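In our numbering, the protein residues as written are 77 to 431.
Where is the CB? At the ideal position from N, CA and C, for every residue including glycine.
None of these values were measured; they are calculated from a predicted model.
Here the structure comes first, spelled out in structure tokens, and everything after it is commentary.
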Amino acid sequence: MSGARARMVRLALAGLGFGWAQVMFAGSGNAAWKELDQLAQSTAKLDPRRGKEVAQDLYNLLMLIRFRAEDFVRLYPNDAHRWDAEVLRLRVTEQIEPQDGHDVDWAAQQAGYAAVLAAPGAGREAKLSAQVGALSARAIQLRRGGPPTEVAALAGEVDALLAKNRNDIRLAALNLQLALLLAKAEPVRAEAMLERVTKSPEAALAGKAESMLHVVRSWREPLALKFKGLDGAPVDLATLRGKVVLLDFWATWCPPCRAETPSIVATYRRLHERGFEIVGISLDDDKGKLLAYQKEHGMTWPQQYDGGGWNSALAQRFGIHSIPAMWLVDQQGRIVDIEARDDLTSKVERLLSSK
Numbered sequence: 077m078s079g080a081r082a083r084m085v086r087l088a089l090a091g092l093g094f095g096w097a098q099v100m101f102a103g104s105g106n107a108a109w110k111e112l113d114q115l116a117q118s119t120a121k122l123d124p125r126r127g128k129e130v131a132q133d134l135y136n137l138l139m140l141i142r143f144r145a146e147d148f149v150r151l152y153p154n155d156a157h158r159w160d161a162e163v164l165r166l167r168v169t170e171q172i173e174p175q176d177g178h179d180v181d182w183a184a185q186q187a188g189y190a191a192v193l194a195a196p197g198a199g200r201e202a203k204l205s206a207q208v209g210a211l212s213a214r215a216i217q218l219r220r221g222g223p224p225t226e227v228a229a230l231a232g233e234v235d236a237l238l239a240k241n242r243n244d245i246r247l248a249a250l251n252l253q254l255a256l257l258l259a260k261a262e263p264v265r266a267e268a269m270l271e272r273v274t275k276s277p278e279a280a281l282a283g284k285a286e287s288m289l290h291v292v293r294s295w296r297e298p299l300a301l302k303f304k305g306l307d308g309a310p311v312d313l314a315t316l317r318g319k320v321v322l323l324d325f326w327a328t329w330c331p332p333c334r335a336e337t338p339s340i341v342a343t344y345r346r347l348h349e350r351g352f353e354i355v356g357i358s359l360d361d362d363k364g365k366l367l368a369y370q371k372e373h374g375m376t377w378p379q380q381y382d383g384g385g386w387n388s389a390l391a392q393r394f395g396i397h398s399i400p401a402m403w404l405v406d407q408q409g410r411i412v413d414i415e416a417r418d419d420l421t422s423k424v425e426r427l428l429s430s431k
């Protein structure tokens with residue numbers, strides 16, 4: 077391990093309260109894998125929705141896991157768990173890169189999963205994890221745009237794999253992603269997929285499916301949304317019929333949200349006079365910081381704020397589990413896109429031109 081890299085690992089360890097703990101693996105490959113697996117399992121204890129400090133702890137832990145996974149592959153190339161470590165590296169990379177403001181290299185990710193699936197020495201669990209990872213990567217790419225036929229085909233592959241692995245929580249979670257992608261083209265199938273997940277023994281997953289089922293059903297009719305803005309003025313989505321509206325779920329403490337601010341402001345200024353509106357839904361817990369950020373960046377649109385953070389009423393109602401989340405509402409008041417973050421300006425322009 078290089079000196080610079082060792083320092084980064086020490087910083088991650090220190091940030092997690094481990095002080096100057098052992099940077100390198102010690103002992104056999106089996107012991108090293110046990111240590112790495114325990115680190116990976118410990119991520120479940122860190123829910124980033126509990127606040128920015130916990131989110132930072134999770135980021136530090138993910139960085140540490142990636143470093144350790146890379147080292148495991150290098151130090152124990154012939155160990156039985158070498159391919160498990162490679163899958164782990166791929167999965168945490170998908171979590172880290174967006175937080176660093178980078179796009180995930182999905183071609184490299186797919187190549188990595190394919191290498192695991194083709195490896196004679198990879199065990200059953202490593203290959204199943206690689207299958208799930210590859211399917212999930214395809215789903216994420218389809219969220220940025222793709223024909224319904226591809227989404228339906230992917231859903232069929234997930235269903236087939238789930239039939240052989242009924243209790244795999246990862247596949248059930250993947251069904252949530254696909255249900256939203258299918259909601260427009262095949263609403264009945266999407267609802268059926270979500271209803272299956274609501275019966276999951278995993279309470280958190282079942283709860284998320286319930287929230288998403290509510291959202292999918294709401295796509296059939298205009299969205300009802302009323303609240304008082306930060307300035308005390310009433311906001312009612314019904315009064316914005318005839319406009320294209322962006323619902324922006326965000327927070328000032330969220331680095332990816334802050335990174336999106338300049339482009340959102342630019343899109344608003346460019347298209348507002350043509351009928352584009354924004355309604356912000358803040359997951360902040362500090363009203364003063366929110367007001368200061370709005371003023372500094374010229375965010376003149378209304379903001380919903382109740383100080384509840386991840387537990388805010390609208391985040392709970394709409395099943396928001398990660399931010400930024402950007403939804404587009406068309407001129408009839410219906411949700412038409414819940415992945416509006418990608419290519420926002422073009423999407424808004426297309427909707428404005430479709431009147």
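Worksheet entry | Opposing strand residues paired with residue 312 [DSSP bridges] | To locate residue 312, count along the sequence shown from 1; it is residue 236. Per DSSP, 302.
Worksheet item: Taking the continuous alpha helix (DSSP H) assigned at residue 113, which residues delimit it?
Response: Position 37 of the sequence shown, counting from 1, holds the residue named residue 113. Segment 105-117, the alpha helix (DSSP H) holding residue 113.
Worksheet item: Where does residue 209 fall in DSSP's three states?
Response: Here residue 209 is taken as the residue at index 133 of the sequence shown, counted from 1. It is helical.
Worksheet item: Going by alpha carbons, who is nearest to residue 61 out of 133, 136 and 160?
Response: Past the boundaries of the shown model lies residue 61; the chain is included only from 77 to 431, so the question cannot be answered.
Worksheet item: How about residue 428 and residue 350: are their beta carbons less than 8 Å apart?
Response: Here residue 428 corresponds to residue number 352 of the sequence shown, with the count starting at 1. Here residue 350 corresponds to residue number 274 of the sequence shown, with the count starting at 1. Taking 8 Å as the Cβ cut-off, residue 428 and residue 350 qualify as a contacting pair.
Discussion item. So, under 8 Å CB-CB, residue 230 and residue 214 are touching, yes? Tell me the CB distance rounded to an integer number of Å.
Written reply: Position 154 of the sequence shown, counted from the start, is the residue given in the question as residue 230. Position 138 of the sequence shown, counted from the start, is the residue given in the question as residue 214. Between residue 214 and residue 230 the Cβ distance is about 6 Å, and since that is below 8 Å, they are a contact.
Worksheet entry | Segment contact flag, the segment 407-425 with the segment 347-362, C-beta cutoff 8 Å, min 3 pairs | Enough Cβ pairs lie closer than 8 Å, so yes.
Practice prompt. Could you check what DSSP says for residue 430 in three-state terms: helix, strand or coil?
Written response: By one-based count along the sequence shown, residue 430 stands at place 354. Note: residue 430 maps to coil in three-state DSSP.
Practice prompt. Measure the C-alpha to C-alpha separation of residue 295 and residue 239 and round it to an integer number of angstroms.
Written response: Translated into the one-based positions of the sequence shown, residue 295 becomes position 219. Translated into the one-based positions of the sequence shown, residue 239 becomes position 163. Straight across, the Cα-Cα distance linking residue 295 with residue 239 is about 29 Å.
Practice prompt. Using only alpha-carbon positions, find the residue among 323, 273 and 241 that is nearest to residue 253.
Written response: By 1-based counting over the sequence shown, the position of residue 253 is 177. Of the listed residues, the one whose Cα sits closest to residue 253 is 273.
Worksheet item: Around the Cβ of residue 380, are there at least 16 other Cβ atoms within 10 angstroms (buried) or fewer (exposed)?
Response: Within the sequence shown, residue 380 is the residue found at index 304, counting from 1. Buried: at least 16 other Cβ atoms inside 10 Å.
Worksheet item: Excluding sequence positions up to five away, which residues of its chain have a Cβ less than 7 Å from the Cβ of residue 198?
Response: Sequence index remark: in the sequence shown, residue 198 carries index 122 (1-based). If we look at residue 198 and ignore the five residues flanking it on each side, its Cβ neighbours are 159 and 192.
Worksheet item: Within 7 Å: the Cβ of residue 282 and any heavy atom of the ligand SAM?
Response: With respect to the ligand SAM, the structure shown offers nothing to examine, as it has no ligands at all.
Worksheet item: Got a sec? Which residues, its chain only, sit under 6 Å from residue 302 by beta carbon, not counting five neighbours each side?
Response: Locating residue 302 in the sequence shown gives position 226, counting from the first residue. Excluding its 5 nearest sequence neighbours in each direction, residue 302 has C-beta neighbours in its own chain below 6 Å: 312, listed in chain order.
Item to complete: Identify, in the order they occur along the chain, each residue of the same chain with its Cβ nearer than 7 Å to the Cβ of residue 373, setting aside the five sequence neighbours on each side.
Response: To locate residue 373, count along the sequence shown from 1; it is residue 297. Within the same chain, residue 373 has close Cβ partners 337 and 341.
Discussion item. Taking a contact to mean a Cβ-Cβ separation below 8 Å, would you say residue 109 touches residue 143 in this structure?
Written reply: Position 33 of the sequence shown, counted from the start, is the residue given in the question as residue 109. Position 67 of the sequence shown, counted from the start, is the residue given in the question as residue 143. Not in contact: residue 109 and residue 143 (Cβ atoms no closer than 8 Å).
Worksheet item: How many Å lie between residue 276 and residue 308 at the Cα?
Response: Here residue 276 refers to the residue found at position 200 of the sequence shown. Here residue 308 refers to the residue found at position 232 of the sequence shown. Those two C-alpha atoms are separated by around 41 Å.
Worksheet item: Are the C-beta atoms of residue 293 and some chain C residue less than 8 Å apart?
Response: The structure shown contains no chain C; it is built from a single protein chain.
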